[in-house]
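For reference, the structure discussed in these notes is given below.
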Amino acid sequence: MHFCSQHQDSKQQHVGTVILDASGKVVSSSGELAGDESVPSVVQNLLLDCGDLRFLKARRRDSDDSQNDEDTEEDEALERLTISFPGYQYVVAFDADHTYIVKQTVDTDVDNDGSGRLVRP
Numbered sequence: 607m608h609f610c611s612q613h614q615d616s617k618q619q620h621v622g623t624v625i626l627d628a629s630g631k632v633v634s635s636s637g638e639l640a641g642d643e644s645v646p647s648v649v650q651n652l653l654l655d656c657g658d659l660r661f662l663k664a665r666r667r668d669s670d671d672s673q674n675d676e677d678t679e680e681d682e683a684l685e686r687l688t689i690s691f692p693g694y695q696y697v698v699a700f701d702a703d704h705t706y707i708v709k710q711t712v713d714t715d716v717d718n719d720g721s722g723r724l725v726r727p
């Protein structure tokens, strides 16, 4: 799983990671997230509040095609979720057995009046 991604309007740097097992227990952590139980807890609660987004399903319907239900229904698992804040973000990714959380700093341009609003090129 590769978490490095660059956007044209920001630069990102990893500052911490957490890996959770299927029950939400911390398997490993590093950087700013080492020993921090609050981030995994908040992410797990967010997923539960949203109906556990890891298991979203998309139904492909084609009225002109008479295929059986196994062919017309596909599981579409959420691959990544980004939770953004000014100056940093959490990238949450999943596989069958683990939840991966990466904290990244995000360099953004802020307007000159000190309001904190982001300026996009």
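For the sequence shown, the numbering used here begins at 607 and goes up steadily by one. Heads up, the beta-carbon is just placed ideally off N, CA and C, and yes, glycines get one too. The model shown is predicted, which means the values in this text are computed figures rather than measured ones.
Bridge partners for residue i per DSSP, in chain order?
| i | result |
| --- | --- |
| residue 629 | According to DSSP, which records beta bridges pairwise, residue 629 is partnered with nothing at all. |
| residue 712 | 618 |
| residue 645 | Beta-bridge pairing links residue 645 to no other residue. |
| residue 637 | 622 |
| residue 695 | 690 and 710 |
Are the beta-carbon atoms of residue i and residue j separated by less than 7 Å?
| i | j | result |
| --- | --- | --- |
| residue 712 | residue 697 | no |
| residue 705 | residue 626 | yes |
| residue 635 | residue 624 | yes |
Report all residues from its chain with a CB closer than 7 Å to the CB of residue i; omit the five preceding and five following residues, and keep chain order.
| i | result |
| --- | --- |
| residue 564 | With the chain covering 607 to 727 only, the question about residue 564 has no answer from this structure. |
| residue 638 | 621, 622 and 709 |
| residue 641 | 635 |
Select from the options the residue whose C-alpha is nearest the C-alpha of residue i.
| i | options | result |
| --- | --- | --- |
| residue 654 | 630, 644, 702 and 642 | 630 |
Ignore the nearest five residues each way along the sequence and tell me which others in residue i's own chain have a CB closer than 6 Å to its CB.
| i | result |
| --- | --- |
| residue 692 | none |
| residue 668 | A caution first: residue 668 carries a pLDDT of 40, below 50, which makes its placement in the model too unreliable to give a value. |
| residue 633 | 625 and 627 |
For residue i, I'd like the list of residues in its chain whose CB is within less than 8 Å of its CB, leaving aside the five on either flank, ordered along the chain.
| i | result |
| --- | --- |
| residue 677 | Since pLDDT at residue 677 reaches only 46, below the 50 mark, its modelled position is unreliable, and the value read off the structure follows with that caveat. Closer than 8 Å at Cβ, skipping near neighbours: no residue. |
| residue 548 | Not covered by the structure: residue 548. The range shown for the chain is 607 to 727. |
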